[in-house]
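If you're matching positions, the sequence shown starts at 1 in the working numbering and goes up one per residue.
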Amino acid sequence: VVSIDNSSSAMDACIIDNCVMHPDMKTKLVKPLFFPAQAAFDEHCSNDDIYKNIAEPLVNLTVKEGIVATILLYGQTGCGKSYTMSGIEERTAKGIFQAIASLRSSSNDNDDNDGTTASDDAGKVTMQFVELCGNKEIKDLLTAKSKEVVKLLEDEAGVCRLLNATSIDITSPEHLLQKLAEGKSRRATEATDKNGVSSRSHACCQIRIKGSKGVLTLTDLAGSERR
């Protein structure tokens, strides 16, 4: 049995009532296991709750402060990873361009005061979308047929980059969601005991904000259960 404890103002907790056997090997006991978390959500929460508490702060910091952030969903097939990620993607697409508009507005006000002009690259958004299959194979989800082998490499600054993966300029929230939908349609699926169309790969969408050099990565992992 899993329950959520939100009674503390400092930190939430996920509680798992684990069934164990007494050393006498006759008596069954319930041993609660406590897992503290910055935020924990029960079945009554909405995608809006998750976005506002988890994703929205990262989106704003990525655009305005240039941080490198990752939102990663893990769990077995059927637990709601893809459903939750879809909600995050929809709201993130809007949030990115809202944050850019806010940043541009502030920059224009400052430019009027000091006589300078904001860079055209300040609000430029690019994306790459790949899936990780098996131990080494990386598939580009933004193109139907890629002639180049996509590789994951580390540059001189210690930043991991996708070599030969398609990178496209994103012009609007709708454009971002369109490209995500196209990429998902190319993602590998395979039937499992849990789900007849379960994704058997890790989907990784990397969104870069050129002006702030921020990077936001959305990762939807394959189901954690064994086949």
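Glycine residues also receive a C-beta, built at the ideal position from the N, C-alpha and C atoms.
Keep in mind the model is a prediction, meaning the values are calculated, not measured.
- The beta carbon of Ala165 is closer than 6 angstroms to those of Gln128, Val130, Asp140, Val150 in its chain, skipping five residues each way along the sequence.
- In the displayed model, Arg187 falls within coil according to three-state DSSP, outside both helix and strand.
- In the three-state reduction of the DSSP assignment, His202 falls in the strand class.
- Within the DSSP secondary-structure output, Arg91 pairs in no beta bridge.
- Sorting Thr84, Ala188, Thr126, Ser107 by C-alpha distance to the C-alpha of Lys52 places Thr84 at the top.
- By the 16-neighbour rule on beta-carbons within 10 angstroms, Glu89 is buried.
- The beta carbons of Phe35 and Cys19 sit no closer together than 8 angstroms.
- Counting along the chain, the unbroken alpha helix (DSSP H) around Lys64 starts and ends at 56-65.
- Looking only at Met25, Val68, Glu174, Ala40, the smallest Cα-Cα distance to Gly95 is reached by Glu174.
- Residue pairing by DSSP places Glu137 opposite Cys133 in a beta bridge.
- In the DSSP assignment, Asp155 falls outside any beta strand (DSSP E), carrying neither H nor E.
- Nearest Cα to Val125 within the set Ile168, Asp24, Ala10: Ile168.
- No residue range can be given for Asn53, since it is assigned to no alpha helix (DSSP H) and is classified by DSSP as neither H nor E.
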